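A.B. asks: Residue numbers (the working numbering), protein chains in the order written: chain A, 1 to 281; chain B, 1001 to 1281.
Backbone N, C-alpha and C fix where the C-beta goes; we use that ideal spot for every residue, glycine too.
If you're wondering where the values come from, they're calculated on a predicted model, not measured in any experiment.
If you scroll down you'll find the structure; I have some questions about it.
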């Protein structure tokens, strides 16, 4: 397994692979890998070669967000990728991705202002731009994203479709700890007390899932129950908890089409997200 | 020569060509082709296959601009392309490029607010977006743009570099009528009186070129002379006439680096552009 910091070197390696007839699977990450990322890599093994990028993208962090303290551990990540059978890690410096004079951005209107876009206004512009660039660099047949970042996944699908990009986007299910908490690099921020309180998110998700399965189609009733569960936890503060059209990210009143029920909840100072999707039969 | 309206069909044809080992040259146009476009196609013949797109892109026209009356003649364009040896024309409807729900854009900050960006504020966002999408569809080895749209060329080079796109951008010299007027589809808007008046642009360009060749490095002096020539023509009204850094599009006082001297001039209601570049030896 190679670890490469340089855009042109990645392009050369991938070109060589393509000339040999290889298919390329790509898993873009911000590193500090956990089993959620691992499940994407395992899925990507359906291709002949697997590339993982590890890049904490400054462009998708707001000025007051956790860019500097975002956890990083390249050594551990490399070991994990090697064990999983990854062929190439792309680990650029910010200056390699955004050199002096850099001034291009890719943005989505409509889908990006809702949900996480409300409290993180520059976030999805940064995500679209870096993913667009990474896809051009790695030039994969398929790219793999977790459904935990459901809005991100919807936005990337939209960008790839709108710009007619030559890649298939594959969404992969949320991976959870044994007690239900969705795996996230940001879970490492939690104290042990907060770690326990963070279960409010998955408890609420599981309860909501059950209600919808049992026939509840009224969003008001569903969200009230889900909010009540979170509000029982004193350390939890809801940023948002909404039901939206899975394609457009616009709020719905009734579950009469594919919907995404998504939340962001502060546990102390740590902002966590979770969600589930439902397609009426 | 095939004329295709459908994105997926273009992708299939190009994929087949690539599998045969062909290189692809691409000339994006808005149609109503003239010898300026022709020179790009001839240059593109250095590839095994040449694709021309003909698409009057609504996204790059402002609400008060000439989208509806922009000249179109697919039949004549097809004949011209066939004569030149073009292999494929891509001629999509706006609904094929921007279907319902479309919401992605590509933009450049810095380079796009100067010169033409001042009087055409949405123009370059539309240009970047459509060129990005066309490059993804046609997936060429090289794409050819005229130096007449010098700011457009600089912006596209920037976008391709910033987003690490897998294409080489080739700039080609301005093609002029015998009397000096730069070829443009918009020249057809000119009455015979205006056609004569339009020579003010090229007269000013040639005079400016001579001054710089003869050693003039003072932008004030250069532009004064060039403006005087245009202002002698009663039908001409200068939109802008500036000397800018060829990379950043920021104004310069002295010609001490590669500069672009560019103008937009209204002849009656018709807005024409012209320019020259100079690299101090």
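Using the beta-carbon of each residue, which ones in chain A are nearer than 9 Å to residue 1122 of chain B?
C.D. replies: Correct list: empty, because the minimum Cβ distance to chain A is about 13 Å.
A.B. asks: Does DSSP put residue 1172 of chain B in a helix, a strand or coil?
C.D. replies: In this structure, residue 1172 of chain B counts as strand in the three-state DSSP scheme.
A.B. asks: Would you check if the stretch 70-88 of chain A and the stretch 116-136 of chain A touch, i.e. whether three or more CB-CB distances between them fall below 8 Å?
C.D. replies: Verdict: no, contact absent.
A.B. asks: Under 7 Å between beta-carbons, which chain A residues line up against residue 1158 of chain B? List them in chain order, please.
C.D. replies: Per Cβ cutoff of 7 Å: 103 and 104.
A.B. asks: From what residue to what residue does the beta strand (DSSP E) around residue 1104 of chain B run?
C.D. replies: From DSSP, the beta strand (DSSP E) with residue 1104 of chain B extends over 1104-1108.
A.B. asks: If you draw a straight line from the C-alpha of residue 1166 of chain B to the C-alpha of residue 1061 of chain B, how long is it?
C.D. replies: About 27 Å.
A.B. asks: Return the bridge partner residues of residue 1283 of chain B from the DSSP annotation.
C.D. replies: What is shown of chain B runs 1001 to 1281, which leaves residue 1283 of chain B out entirely.
A.B. asks: Closest to residue 90 of chain A by CA distance: which of A:100, A:5 and A:25 is it?
C.D. replies: Measuring from the Cα of residue 90 of chain A, the nearest candidate turns out to be A:5.
A.B. asks: Output yes if chain B places a C-beta closer than 8 Å to the C-beta of residue 179 of chain A; else output no.
C.D. replies: No, residue 179 of chain A does not count as interfacial toward chain B.
A.B. asks: With residue 1271 of chain B and residue 1264 of chain B assumed to form a contact (beta carbons below 8 Å), what rounded beta-carbon distance in angstroms separates them?
C.D. replies: About 6 Å; that satisfies the 8 Å criterion.
A.B. asks: Residue 1166 of chain B touches chain A at which residues, Cβ-Cβ below 7 Å?
C.D. replies: Those within 7 Å of residue 1166 of chain B in chain A are 136 and 139.
A.B. asks: Under 8 Å between the Cβ atoms of residue 1163 of chain B and residue 1274 of chain B?
C.D. replies: Against a cut-off of 8 Å, the Cβ pair of residue 1274 of chain B and residue 1163 of chain B comes out as no contact.
A.B. asks: So, is residue 1015 of chain B buried or exposed, given that buried needs 16 or more other C-beta atoms within 10 angstroms?
C.D. replies: Exposed is the call here.
A.B. asks: Name the chain A residues that come within less than 8 Å of residue 1187 of chain B, Cβ to Cβ?
C.D. replies: Within 8 Å Cβ-Cβ: nothing; residue 1187 of chain B doesn't reach chain A, min ~32 Å.
A.B. asks: Could you pull out every residue in the same chain whose Cβ sits closer than 8 Å to the Cβ of residue 1284 of chain B, ignoring the five residues on either side in sequence?
C.D. replies: Since the first residue of chain B shown is 1001 and the last is 1281, residue 1284 of chain B is not available in this structure.
A.B. asks: Compare the beta carbon distance of residue 1071 of chain B and residue 1185 of chain B with 8 Å and say whether it is the shorter of the two.
C.D. replies: Contact flag set, yes.
A.B. asks: Determine, using beta carbons only, whether residue 109 of chain A comes closer than 8 Å to chain B.
C.D. replies: True, the Cβ-Cβ gap to chain B drops below 8 Å.
A.B. asks: In chain B, what lies closer than 7 Å to residue 163 of chain A by C-beta?
C.D. replies: Under the 7 Å cutoff, chain B gives 1104, 1132, 1133 and 1136.
A.B. asks: Reducing DSSP to helix, strand and coil, say where residue 1253 of chain B ends up.
C.D. replies: Residue state, collapsed to three classes: coil.
A.B. asks: Closest by CA to residue 103 of chain A, which one among B:1257, B:1249 and B:1012?
C.D. replies: Of the listed residues, the one whose Cα sits closest to residue 103 of chain A is B:1249.
A.B. asks: Return helix, strand or coil for residue 1277 of chain B, following the three-state DSSP convention.
C.D. replies: If DSSP states are grouped into helix, strand and coil, residue 1277 of chain B belongs with the strands.
A.B. asks: If you reduce the DSSP assignment to three classes, tell me which class residue 227 of chain A lands in.
C.D. replies: Residue 227 of chain A falls in the helix class under three-state DSSP.
A.B. asks: Please list, in chain order, all residues of the same chain as residue 1172 of chain B whose beta carbon is under 8 Å from its beta carbon, the five residues on each side excluded.
C.D. replies: Cβ neighbours of residue 1172 of chain B beyond the five flanking positions: 1039, 1040, 1043, 1144, 1145, 1146 and 1147.
A.B. asks: Could you tell me the alpha carbon to alpha carbon distance between residue 92 of chain A and residue 1152 of chain B, rounded to whole angstroms?
C.D. replies: Looking at the two C-alpha atoms, the distance is approximately 29 Å.
A.B. asks: With residue 1159 of chain B and residue 1244 of chain B assumed to form a contact (beta carbons below 8 Å), what rounded beta-carbon distance in angstroms separates them?
C.D. replies: In fact, because the Cβ distance is near 18 Å, the residues do not count as touching under 8 Å.
A.B. asks: For a contact defined as C-beta to C-beta under 7 Å, what are the partners of residue 7 of chain A on chain B?
C.D. replies: Those within 7 Å of residue 7 of chain A in chain B are 1164.
A.B. asks: Quick check: is any heavy atom of the ligand GTP less than 7 Å from the C-beta of residue 1151 of chain B?
C.D. replies: Ligands displayed in this structure: none; no statement on the ligand GTP is therefore possible.
A.B. asks: Please report the Cβ distance between residue 1051 of chain B and residue 1073 of chain B, rounded to the nearest whole angstrom; I am assuming they are in contact, meaning their Cβ atoms lie under 8 Å.
C.D. replies: At roughly 19 Å, the Cβ-Cβ gap does not stay under 8 Å, so residue 1051 of chain B and residue 1073 of chain B are not in contact.
A.B. asks: Would you mind reading off the limits of the beta strand (DSSP E) that contains residue 265 of chain A?
C.D. replies: Looking at the DSSP string, the run of the beta strand (DSSP E) that includes residue 265 of chain A is 259-267.
A.B. asks: At which residues does the beta strand (DSSP E) containing residue 208 of chain A begin and terminate?
C.D. replies: Residue 208 of chain A -> not in any beta strand (DSSP E); alpha helix (DSSP H) instead, spanning 199-213.
A.B. asks: How many whole angstroms separate the CB atoms of residue 209 of chain A and residue 115 of chain A, which I take to be in contact at a CB cut-off of 8 Å?
C.D. replies: Not really, about 18 Å apart at Cβ, beyond 8 Å.
A.B. asks: In whole angstroms, what separates the C-alpha of residue 1150 of chain B from that of residue 1277 of chain B?
C.D. replies: Near 9 Å, if we compare the C-alpha coordinates of residue 1277 of chain B and residue 1150 of chain B.
A.B. asks: How should residue 1254 of chain B be labelled, buried or exposed, when 16 other C-beta atoms within 10 angstroms of its C-beta is the threshold for buried?
C.D. replies: Under this definition residue 1254 of chain B is an exposed residue.
A.B. asks: Measure the alpha-carbon distance for residue 1001 of chain B versus residue 85 of chain A and round it to whole angstroms.
C.D. replies: Spanning the two alpha carbons is a distance of roughly 46 Å.
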